[in-house]
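Student: Residue numbers (the UniProt record's numbering): 1 to 192. Glycine residues also receive a C-beta, built at the ideal position from the N, C-alpha and C atoms.
1) Between the C-alpha atoms of residue 148 and residue 24, what's the straight-line distance to the nearest angstrom?
2) Taking just the CA atoms, how far does residue 53 sit from residue 151?
3) Quick check: the stretch 156–170 against the stretch 72–85, are at least 3 beta-carbon pairs closer than 8 Å?
4) Looking at residue 170: is its Cβ nearer than 8 Å to the Cβ of residue 142?
5) Along the chain, which unbroken stretches of the alpha helix (DSSP H) at least 4 residues long are found entirely within the stretch 45–86?
6) With H, G and I counted as helix, E and B as strand and the rest as coil, what does DSSP make of residue 112?
7) Is it buried or exposed, residue 14, if we count other Cβ atoms within 10 angstroms and call 16 or more buried?
8) What separation, rounded to the nearest whole angstrom, lies between the Cα atoms of residue 64 and residue 178?
9) Could you check what DSSP says for residue 148 in three-state terms: helix, strand or coil?
10) Take residue 20 as the anchor and find which of 98, 110, 32 has the nearest alpha-carbon.
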C-alpha cells in the first residue's frame with residue numbers, strides 16, 4: 001500500500017525531492033522519502049541509529065555488516081532492502097561471496113565467525129522465540145566476541161524493522177543501475 005503522504009510529502013518536502021532529483025538525475029528512493037514522513041520517528045533518530053550500527057566502530061567490517069543487512073532482508077523477502085544491501089556488500093566484498101551467502105549461507109565459502117553469526121540472525125529473524133543460550137554459545141564458540149554478537153543482533157533488529165516498513169509502504173524497487181547508484185551513495189555518505 002503506497003501512502004500518498006509518504007510518496008509526496010508536504011510542499012517543502014516536494015521541493016527537497018525536486019532538488020534531489022535534479023541533482024542526481026534519478027527518482028528519489030522511497031527510503032529517503034520515508035525520512036520526511038513522520039521525521040520524529042523515521043528522520044534523524046532512526047538514521048542516526050542506522051549510521052551508528054552500519055558505519056560506527058564495530059568488530060565487523062562494513063562489508064560484513066552490509067552482508068548481514070542483505071541476509072536479514074533476504075530472510076524477510078524484502079526485495080527493496082535485500083537487493084540494495086546486496087549491491088552494497090558486493091561493492092565491498094567479493095560479489096560471488098555475497099551471492100553465495102544469499103543463496104545458501106551454510107555452504108558458502110565464508111569465515112566460520114560469519115557463518116555462525118548468520119545462523120543466529122536467521123533464527124532471530126524467522127523464529128525469535130526459539131533463540132536461546134545455546135544459539136549464542138555456538139556463535140561464541142566460533143570465535144565471535146560479545147560486542148560483535150550485540151552489534152549483529154542490533155543490525156538484525158534494525159533491518160527487521162526497516163524491512164517491514166519498506167514492505168508495508170510498498171517501496172518501489174530501484175532499477176539495476178539505481179541499486180548500483182544507491183550502493184555508491186551508501187558507501188560514500190553512509191546512513192546520515
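Tutor: In terms of the structure at hand:
1) 36 Å
2) 7 Å
3) yes
4) no
5) 62–75
6) helix
7) exposed
8) 22 Å
9) helix
10) 32
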